[in-house]
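Chain order of the listed sequences is A and B.
So for the first sequence, the working numbering puts the first residue at 179; every next one is plus one.
So for the second sequence, the working numbering puts the first residue at 1268; every next one is plus one.
We put the beta carbon where it would ideally sit given N, CA and C, even for glycine.
This structure is a prediction, so every number in the text was calculated from the model and none was measured.
I have placed the structure first, in the form of structure tokens, so that the comments after it can refer back to it.
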Amino acid sequence: MDEKRTCEPIFWALFGAGGMLTAICAPIFILVLLLIPAFVGSGEPAFINCSLLGRLFLFVFISLSAWCGLHRIVHTLHDLRIHWSLAPLVCYGSALLITLLAFAGALIRC
Amino acid sequence: MADTKTMTIKISRYNPEKDGEPHLELYTIPWSEKTVLLDALQYIKDNLSPDLSFRSSCRMTICGSCGVMINGVPKLACKAPLREYQEGLTVEPLANFPIERDLVVDLTHFMEYIQALKPYILGNIRRPSDGPNKQTPEEIAKYHKYSMCINCGLCYAACPQFGLNPKFLGPAAITLGRRYNLDSRDKGKSERMEKINSENGVWGCTLVGYCSEVCPKHVDPAAALQQCKVDSALEFAASVLNCKKKEASHGNKA
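Next comes the structure, spelled out in structure tokens:
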């Protein structure tokens, strides 16, 4: 029996945190960032993208959502019996890239 | 017996010496409101087809021997009243296991995985002369639900991950490991966690949750596995920190 420890806990922790944050925040974001501006026409709320705290929050939200979704894709491919050996590298690599881009975006002042 | 109701059921038959693959055969059996599938199987063996093979023992949801697929759903034959299947009934051997004959499957892997998780008290140095090892109701409540498992294997037949990877330790074995990890009398958690942390341990689970749905004893293996994942993730973090500490201490010595 294979006793080698897997590094899955890292991705599972990011997946779990991302799933929780997305489930709580995504509906609020859709309401605040898309629906209210669309119907009221008041534009994006400045507090989200113009304060450091707001941008850091967006960074956490975007990066963890990416880790969550792409981890799910890795496992769904396994469930569908699509054994693509590069899938973890591509998916987790993409999540890392999105994280870096979101972090860079958070640091750029508006 | 003119008013005896009859029902025709389909049963998967497979004789490895004659058949290339399993096939369904029809049997007409008498039934009443109280008849369960196990009664029907025994009737067929006694009256219609003496060579029908199936496992059974207690007839009362205790031994866990009579697991079969009923219309594609893992169930215990002794807990399946025929009155619930008047629209048709197809009985097949438990999914995800190799078939030995008719409704009998090879449970070797399942038994090996249960043994691998050491489902017994480890590292307790108490002697009989020390008296009973008392536990508070709170200590018992932690693991009591997980101790209800009867090793019927229905959760393995339900688990799509075990179907995809037969090396996956699976719901019942890991749940039993969790049951002993939560026991205040036990000191063997680190031994079990080696298996649980491994490639084919708890991380094979993707929380489909069907194992908990089909469990005839309401053990909720899916919850046990999720708790094991939290344990395993914390151990992983601790092992990374310990590695760094060890490296630092080696560095200081050098």
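Requested in this report: Check whether the Cβ atoms of Leu-1361 (chain B) and Gly-1339 (chain B) lie closer than 8 angstroms to each other.
Outcome: Numbered from 1 along the second sequence, position 94 holds the residue referred to as residue 1361 (chain B). Numbered from 1 along the second sequence, position 72 holds the residue referred to as residue 1339 (chain B). No.
Requested in this report: Output the distance between the C-alpha atoms of Leu-1449 (chain B) and Leu-211 (chain A), rounded to the nearest integer angstrom.
Outcome: Mapped onto the second sequence, residue 1449 (chain B) falls at position 182. Mapped onto the first sequence, residue 211 (chain A) falls at position 33. About 46 angstroms.
**Report entry** Rounded Cβ spacing between Phe-237 (chain A) and Ala-280 (chain A) (contact assumed at less than 8 angstroms)
**Finding:** Start at 1 with the first residue of the first sequence, and residue 237 (chain A) comes out as number 59. Start at 1 with the first residue of the first sequence, and residue 280 (chain A) comes out as number 102. Phe-237 (chain A) to Ala-280 (chain A), Cβ: 5 angstroms. Contact.
Query raised in the report: Which chain A residues sit within Cβ distance under 9 angstroms of Glu-1458 (chain B)?
Result: By 1-based counting over the second sequence, the position of residue 1458 (chain B) is 191. None at all; the shortest Cβ gap to chain A is about 11 angstroms.
Query raised in the report: What separation, rounded to the nearest whole angstrom, lies between the Cα atoms of Ala-191 (chain A) and His-256 (chain A)?
Result: Within the first sequence, the letter at position 13 stands for residue 191 (chain A). Within the first sequence, the letter at position 78 stands for residue 256 (chain A). The alpha-carbon separation between Ala-191 (chain A) and His-256 (chain A) amounts to approximately 19 angstroms.
Requested in this report: Using a Cβ cut-off of 8 angstroms (strictly closer), state whether Phe-1503 (chain B) contacts chain A.
Outcome: Position 236 of the second sequence, counted from the start, is the residue given in the question as residue 1503 (chain B). It does; some Cβ of chain A falls within 8 angstroms.
Query raised in the report: Under 8 angstroms Cβ-Cβ, which residues of chain B neighbour His-249 (chain A)?
Result: Numbered from its first residue, the first sequence carries residue 249 (chain A) at position 71. Going along chain B, no residue has its Cβ under 8 angstroms from His-249 (chain A), so there is no contact; the nearest lies around 10 angstroms.
Query raised in the report: Does any C-beta atom of chain B lie closer than 8 angstroms to the C-beta of Pro-205 (chain A)?
Result: As a working note, residue 205 (chain A) is residue 27 in the first sequence. Nearest CB-CB separation between Pro-205 (chain A) and chain B: not below the 8 angstroms threshold.
Query raised in the report: Can you name the start and end residues of the beta strand (DSSP E) that Glu-1367 (chain B) belongs to?
Result: In the second sequence, residue 1367 (chain B) corresponds to position 100, counting from 1. 1366-1368 is the span of the beta strand (DSSP E), which, as asked, contains Glu-1367 (chain B).
Query raised in the report: The beta strand (DSSP E) spanning Lys-1342 (chain B) covers which residue range?
Result: Residue 1342 (chain B) sits at position 75 when you count from the first residue of the second sequence. Start and end: 1340-1343.
Query raised in the report: Do the segment 1295-1314 of chain B and the segment 1376-1390 of chain B touch if we need at least three Cβ pairs shorter than 8 angstroms?
Result: Using a C-beta cut-off of 8 angstroms, the segment 1295-1314 of chain B makes no contact with the segment 1376-1390 of chain B, since fewer than three inter-stretch Cβ pairs fall below that distance.
**Report entry** Neighbouring residues, chain B, relative to Ala-191 (chain A) (Cβ below 8 angstroms)
**Finding:** Sequence index remark: in the first sequence, residue 191 (chain A) carries index 13 (1-based). Neighbours of Ala-191 (chain A) on chain B, chain order: Ala-1500.
Report task. Between the Cα of Glu-1288 (chain B) and those of B:Ile-1392, B:Pro-1365, B:Leu-1349, spot the shortest distance and give me the residue it belongs to. Result -> In the second sequence, counting from the first residue as 1, residue 1288 (chain B) sits at position 21. When only C-alpha atoms are compared, the closest one is B:Pro-1365.
Query raised in the report: Since Pro-187 (chain A) meets chain B, which of its residues come closer than 7 angstroms, beta carbon to beta carbon?
Result: Locating residue 187 (chain A) in the first sequence gives position 9, counting from the first residue. Neighbourhood of Pro-187 (chain A) in chain B, by CB distance below 7 angstroms: Ser-1499, Ala-1500, Phe-1503, in chain order.
Query raised in the report: Per the contact definition of three or more C-beta pairs closer than 8 angstroms, is the segment 1463-1470 of chain B in contact with the segment 1433-1443 of chain B?
Result: The answer is yes - the segment 1463-1470 of chain B touches the segment 1433-1443 of chain B, with three or more Cβ pairs under 8 angstroms.
Requested in this report: Thinking Leu-1308 (chain B) and Leu-1319 (chain B) are a contact (beta carbons under 8 angstroms), I'd like their distance in whole angstroms, please.
Outcome: For the purposes of this step, residue 1308 (chain B) is taken as residue 41 along the second sequence, with counting starting at 1. For the purposes of this step, residue 1319 (chain B) is taken as residue 52 along the second sequence, with counting starting at 1. So it is a contact: roughly 7 angstroms between Cβ atoms.
Query raised in the report: Measuring CB to CB, does Tyr-1477 (chain B) end up less than 8 angstroms from Ala-1408 (chain B)?
Result: Your numbering for residue 1477 (chain B) matches position 210 in the second sequence. Your numbering for residue 1408 (chain B) matches position 141 in the second sequence. Using a Cβ distance threshold of 8 angstroms, Tyr-1477 (chain B) and Ala-1408 (chain B) do not count as a contacting pair.
Query raised in the report: Hey, would you say the C-beta of Ala-1344 (chain B) is under 7 angstroms away from at least one heavy atom of the ligand COA?
Result: In the structure shown, the ligand COA is absent, as is every other ligand, since no ligand is present at all.
**Report entry** Where the beta strand (DSSP E) containing Glu-1359 (chain B) begins and where it ends
**Finding:** Your numbering for residue 1359 (chain B) matches position 92 in the second sequence. From DSSP, the beta strand (DSSP E) with Glu-1359 (chain B) extends over 1357-1359.
Query raised in the report: Hey, does Thr-184 (chain A) have any beta-carbon neighbour from chain B nearer than 8 angstroms?
Result: Looking up residue 184 (chain A) in the first sequence gives position 6. Yes, Thr-184 (chain A) counts as interfacial toward chain B.
Query raised in the report: Which residues in the same chain have their Cβ closer than 6 angstroms to the Cβ of Phe-1533 (chain B), if we skip the five residues on either side of it in sequence?
Result: Only positions 1268 to 1521 of chain B appear in this structure, which leaves residue 1533 (chain B) out of reach.
Requested in this report: Please decide whether Thr-1473 (chain B) counts as near chain A, where near means a Cβ-Cβ distance under 8 angstroms.
Outcome: In the second sequence, the residue the question calls residue 1473 (chain B) occupies position 206. It does; some Cβ of chain A falls within 8 angstroms.
Query raised in the report: Does any residue of chain A bring its CB to less than 8 angstroms from the CB of Lys-1496 (chain B)?
Result: Taking the first residue of the second sequence as 1, we reach residue 1496 (chain B) at position 229. Interface residue, yes.
Query raised in the report: Does the beta carbon of Trp-1298 (chain B) sit closer than 8 angstroms to a beta carbon anywhere in chain A?
Result: The residue labelled residue 1298 (chain B) in the question sits at position 31 within the second sequence. No - not a single Cβ of chain A is within 8 angstroms of the one on Trp-1298 (chain B).
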